[in-house]
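Student:
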Amino acid sequence: MKVRGGNGVTMMLHRFLTLTAKDLRLIVRNHMLTVVVAVALIIVGTVNFLVPEDVSSETVVVLWDRTTAQSVGRLFEAADAETIFVDSEAAFEEAMAVYGNRLGLRVEGGEVPERVVVTYQGHENPEVRRLLEASLRQQLRPLRGEAPLTFATETLQPGTAPERPPFNLSLLPILIFTEAGMIGLLLAAALFYSEKTEGTLQAYRVTPGGLTEYLLAKSVAMGLVGLVSTTIITLLTVGLDVNWPAVLGVVFLSAVVVTLVTLVAANMFQTISQFLFTGVLLNLVLALPTVSYFLPGFAPVWLRWLPSYPMIFALREAYFPTGAEAVLTGAVGQILLTLVVVLPLAVLAFRRQLIARDV
């Protein structure tokens, strides 16, 4: 019995490897790999040549210093701030009429600034306004003969703060996820419906192969394709200085999970045209965690439980480590948990919808 069980595992592994190799051949033969490589190169060109390294824009101050000493004007000149100096009401209004990140200051007084009128353009939120006004009051205190406010500060673990990556490179986790995960979603559906059209699934029903091998083979094949695109993008943007095991591991597991979810959804429809709307909707849902990536304050519980949430933030930690290893381990654990849950559900869904009816 032990030998038979061992032979059963060996046969299952052989079927799995055979199916994976077949799927990889189909991916190459149908030029899917060519599409993936082409998209990867487009992403590389976009990151390296089109997206700027710094998108921060300083506030342009429109300053009308009406004090006799012109002390505020000299302060802004010495600070090398981006300032437009005006000397009349008409010039002030004209400068503020240009829409953008501009702040108007009218300073009145004699030797010292006694009154400052701040003019906003209307799109600033209350928090930004309070921050700007507090900063302005702090800068004007020495000009009024007042001591600047000081606060007791303590730096914990000095010198260990991670360097902030350039803006173009900070997009890599999102772009890698899009390439390896989201494009993989569409390619997995295309591969599935291609086999449906050719009758491959009907032939597979009468073979000894199980649904687990079939689904895992598809998922692993897409995971390997994701590794190819990830390697190309990473090498040609940030180079070798990344946590390669973490990057490749997260991408591979993420592609496997996304492919399984895709196959379950695709099996509910007869043609890829019927699946297209659902595929786009699924794509949008899985992309929702990108909002939290750019707005860290927005991370509701339901969003954190999406399988794509740990993928994106684990990739960020892998590319730009902050020392928070718990982010990586927690993300990998959540992805593996998702895989453990999704795989049996996928097998059950296929058994009920694929085996129980003609395909």
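Quick note: to get our numbering, add 254 to the position in the sequence shown (first position is 1).
Just so you know, even glycine gets a beta-carbon here, dropped at the ideal spot from N, CA and C.
Note that this is a predicted model, so its numbers are computed, not measured.
Find the nearest neighbour of I338 within the set G358, L390, Q392 and T404, judged by alpha-carbon distance.
Tutor: Minimum Cα distance to I338 is reached at G358.
Student: For L426 and V492, which I take to be in contact (beta-carbon distance under 8 angstroms), what is that distance rounded to the nearest angstrom?
Tutor: Yes, they are in contact, since the Cβ atoms of L426 and V492 sit about 7 angstroms apart, within 8 angstroms.
Student: Under a three-way DSSP split, which group does D277 fall into?
Tutor: Here D277 sits in helix by DSSP.
Student: Does DSSP put F574 in a helix, in a strand, or in coil?
Tutor: Three-state result, F574: coil.
Student: Could you tell me whether the Cβ atoms of G363 and R369 are closer together than 8 angstroms?
Tutor: Taking 8 angstroms as the Cβ cut-off, G363 and R369 qualify as a contacting pair.
Student: Would you tell me roughly how many angstroms separate the C-alpha atoms of T373 and Y573, rounded to the nearest one?
Tutor: Taking the straight line joining both Cα atoms gives about 42 angstroms.
Student: Run the CB neighbour count on V534, radius 10 Å, all protein chains shown included, and call it buried at 16 or more, exposed below.
Tutor: Label assigned to V534: exposed.
Student: Would you kindly work out how many angstroms separate the C-alpha atoms of R283 and Y547, rounded to a whole number?
Tutor: About 36 angstroms.
Student: Can you check which of these residues, L536, P420 and Y468, is closest to M266 by C-alpha distance?
Tutor: When each option's Cα is compared against that of M266, the closest is Y468.
Student: Which residue wins for smallest C-alpha separation from L560, given the options Q588, R395, P575 and V474?
Tutor: With distances taken between Cα atoms, L560 lies closest to Q588.
Student: Just grab the DSSP bridge partners of G363 for me.
Tutor: Per DSSP, P367.
Student: Classify P598 as buried or exposed, calling it buried when 16 or more other Cβ atoms lie within 10 Å of its own Cβ.
Tutor: The residue in question, P598, is exposed, as its Cβ has fewer than 16 Cβ neighbours within 10 Å.
Student: First and last residue of the alpha helix (DSSP H) that includes T337?
Tutor: That residue, T337, is in no alpha helix (DSSP H); its beta strand (DSSP E) goes T337 to F339.
Student: To the nearest angstrom, how far is the alpha carbon of V555 from that of V316?
Tutor: Computed Cα separation, rounded: 43 angstroms.
Student: DSSP puts L317 in a beta bridge; with which residues?
Tutor: Paired residue(s): F339 and L359.
Student: Could you say if the stretch 517-535 and the stretch 440-453 meet the contact criterion of at least three C-beta pairs nearer than 8 angstroms?
Tutor: These segments touch.
Student: Please report how far the alpha carbon of V518 lies from the alpha carbon of P575, in whole angstroms.
Tutor: Near 35 angstroms, if we compare the C-alpha coordinates of P575 and V518.
Student: Which residues in the same chain have their Cβ closer than 8 angstroms to the Cβ of R395, if we skip the five residues on either side of it in sequence?
Tutor: Correct list, in chain order: A401, P402 and L403.
Student: Here's the rule I'm using: 16 or more other beta-carbon atoms within 10 Å means buried, otherwise exposed. How should D319 be labelled?
Tutor: Burial call: buried.
Student: Per DSSP, which residues does T373 bridge with? Please list them.
Tutor: For T373, which the question treats as bridged, DSSP gives the partners G358.
Student: Which of the three DSSP states, helix, strand or coil, is assigned to M266?
Tutor: M266 falls in the helix class under three-state DSSP.
Student: Output yes or no for whether 8 angstroms exceeds the beta carbon distance between T274 and A471.
Tutor: Yes, the pair counts as a contact, with Cβ atoms nearer than the cut-off.
Student: When you compare only the Cα positions, how much space is there between N497 and N302?
Tutor: Rounded to whole angstroms, N497 to N302 spans 20 angstroms at the Cα level.
Student: Would you kindly report the start and end of the unbroken alpha helix (DSSP H) that includes W253?
Tutor: Coverage of the chain is limited to positions 255 through 613, which leaves residue 253 absent and any answer about it impossible.
Student: Determine the extent of the alpha helix (DSSP H) in which P380 is found, giving its start and end residues.
Tutor: Taken as a continuous stretch (DSSP letters only), the alpha helix (DSSP H) holding P380 covers P380 to L394.
Student: With a threshold of 16 other CB atoms inside 10 Å of the CB of G477, please say whether the residue is buried or exposed.
Tutor: G477 comes out buried.
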